[in-house]
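What follows is a single structure, written as C-alpha cells, with notes after it.
Residue numbers (this note's numbering): 6 to 454.
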C-alpha cells in the first residue's frame, strides 16, 4: 500500500513537471518569438525560477532550466542597462531595448505568450483528433425520483448526444458542458437518443450551485453516468454460464422490474447471494427469460462471473477535417474558461474550486495513466487556463503590463516608474495570495478526501 502510494506520488510529480514545462515553454516562446521579430535583444529565456539546473547559450540569449517549475520568464534588454556598456556596444543595442518600443509593439509582445498557449491547445486537440482516441459513449445512469432529470422525462439509459447545443462525444465532454453552467439560471438542454429515437430534454436550474464549495452537477440534477447492461464475457462454469447468459446479451428486466443499466444489474446481483433472479435478456432481436442464481463471495455479496461491455467509439479524423473541430474545441473551452473566471470574480462560483500544483499533479498522473489522449486534453485545458489567467489586469501578469501600455497610449506618456513599481508590488501580493489559496484548497481536498 505504501509503495503504491509513493509510486503514485512520484508518477504524479513527474507528469506535473512535464506538463508545466511544456506550458511554460510555449508561453515564454510566444513572448520570445514576437520580441525577436521586433529585433529586441533578449538576455535570458528561463523555464522555472531560482537557481539554474542547466544553462546554455543560443544565439545571443542565455537559455536556462531552473529548479522551481512553477513558471518562467523572458528577460529583455532595458534602456537602463545600456549605461554600463562601452560606446560601441551601446550604439549597437540602443535600438533593441524593450522599453524603447512603442506601446503597441510592447502589447504585441505581451499578447504573444497567451496566444502561444491557445496555439498549443489547438495543436493538442488536433493531435487527439488525427491520431484517434477511443472514448466511452456517455449514457444517462440512474435517475433520482422527483429530481430535475426525472421531471424532464429522463429514465436512464439514454445516450447523450449534445448539451446546450454543444456536441458530446465522451464523458469528459459531459462534465465540461455541465461545469460551464455553474452559477446560472435557466435550463440545461440535453439532446440524446432513447430506444433508437432522438429526443430532447430540458432541465431547469436556478442560481445553480452559486457559491457552492464543492458543486456536484450530477447530484443536483438527479442523474449519473452509466452504460447499458450489456454482457461482454461469461466465465466458463460460472452462475451466468449455468443460467445460459452469452456475450452480447442485453439485460432488460430483473424480477419483472425494468433494469437497462449496468448498475441495476450489478446491485441486483450483489444484493442477492444464493437467491434466484428472474432476468429477461435481448439476444439477436429475441427476448429470453432466464433464471440466474448468484454465488456468495467471501464478503457476503453475490457474484455471477460476467464482464460488462462498455460502449465505446473511436474518434478519428483526417488531418484537414480535424482543423475546424480542433479550432471549435479551443474556442469553446476558451469561452468556458473566461466564463468560469468571470463567475469566480463575481463570486458566482466558489473560490474553493481554484486548484494548485498538488491537485494538478494528482490529475496529471491520473490522466497520464488513463491514456495519452486524456493527458493531451488536460494539457490543452491547462494551456487555455494559463493564457486566460495571464491576461488578468494584475501588474505582474501580461494583462497588467498591457494596462500600463494602454494607459501610455491614452495619456501619450509612459506610466511613471514609481506607479509601475507600486503596481508590481500589489500584483505580486495578489498572485502570492492566489497561490496560497490554491495550496490551501489542495491541502483541504487531500485531508478531507
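Glycine included, each C-beta is placed from N, C-alpha and C at the ideal position.
Around residue 17, the same chain offers 366, 367, 369, 370 as residues with beta carbons nearer than 7 Å, after the five sequence neighbours per side are excluded. Nearest in C-alpha terms to residue 291, of all of 417, 255, 182, 94, is 255.
Annotated as proximal: residue 274 and residue 299, with beta-carbon spacing under 8 Å. By the Cβ rule, the stretch 337-356 counts as touching the stretch 384-394, because three or more pairs are nearer than 8 Å.
DSSP, read as helix, strand or coil, puts residue 208 in strand. Sequence-distant Cβ neighbours of residue 188 in its own chain, meaning closer than 6 Å and more than five residues away, are 215, 348, 353, 354.
Cβ neighbours of residue 69 within its own chain (closer than 6 Å, five residues either side excluded): 51, 57, 60.
For the stretch 127-191, the full-length beta strand (DSSP E) segments reaching 3 residues or more read 138-141, 144-148, 164-168 along the chain. In the displayed model, residue 360 falls within coil according to three-state DSSP, outside both helix and strand.
In chain order, 246, 310, 311 place their CB closer than 8 Å to the CB of residue 240, counting only its own chain and leaving out the 5 sequence neighbours on each side. Boundaries cannot be given for residue 99, as no beta strand (DSSP E) includes it and DSSP labels it neither H nor E. Using a C-beta cut-off of 8 Å, the stretch 96-110 makes contact with the stretch 406-418, since at least three inter-stretch Cβ pairs fall below that distance. For the stretch 215-291, the continuous alpha helix (DSSP H) assignments of 4+ residues that do not extend past its boundaries occur at 222-226, 244-248, 267-275, in sequence order. Counting only runs of at least 3 residues, the stretch 37-95 fully encloses the following beta strand (DSSP E) elements, listed from N- to C-terminal order: 47-63, 66-81. For residue 376, the closest of 20, 99, 184, 102 by C-alpha to C-alpha distance is 20. In the structure shown, residue 200 falls within a coil segment according to DSSP collapsed to helix, strand and coil.
For residue 352, there is no enclosing alpha helix (DSSP H), as DSSP marks it with neither H nor E.
Separation of the CB atoms of residue 266 and residue 146 is rounded to 6 Å, and the pair is thereby assigned contact status at 8 Å. Bounds of the beta strand (DSSP E) holding residue 318 are 317-320.
Exclusion of the five residues before and after residue 372 leaves 379, 380, 383 as the residues of its chain whose Cβ lies within less than 6 Å of its Cβ. CA-to-CA, the gap between residue 132 and residue 319 works out to about 14 Å. Boundaries of the alpha helix (DSSP H) harbouring residue 408: 403-416, taken from the DSSP string. 162 is the residue among 389, 162, 153 whose C-alpha sits nearest the C-alpha of residue 144. Note on the stretch 373-400: whole alpha helix (DSSP H) runs with a minimum of 4 residues are 377-394, in chain order. Just so you know, the alpha carbons of residue 124 and residue 118 end up roughly 10 Å apart.
Judged by DSSP secondary structure, residue 313 falls within the beta strand (DSSP E) whose first and last residues are 311-313. Within the same chain, 74 come within 8 Å of residue 22 by CB-CB distance, once the 5 residues on both sides are set aside.
Three or more pairs of CB atoms, one per stretch, sit closer than 8 Å, so the stretch 190-201 contacts the stretch 152-168.
In the structure shown, residue 307 adopts extended strand secondary structure according to DSSP, grouped into three states. For residue 337 against residue 171, the beta-carbon gap comes to about 6 Å, under 8 Å, which counts as contact. By the 16-neighbour rule on beta-carbons within 10 angstroms, residue 281 is exposed. Taking the Cα positions, residue 173 is about 37 Å away from residue 243. Your pair residue 302 and residue 308 checks out as a contact, with CB atoms roughly 5 Å apart and the cut at 8 Å. Residue state for residue 115 is assigned as helix, using DSSP reduced to three classes.
Minimum Cα-Cα distance from residue 260 among the listed residues 272, 253, 251, 252 corresponds to 272.
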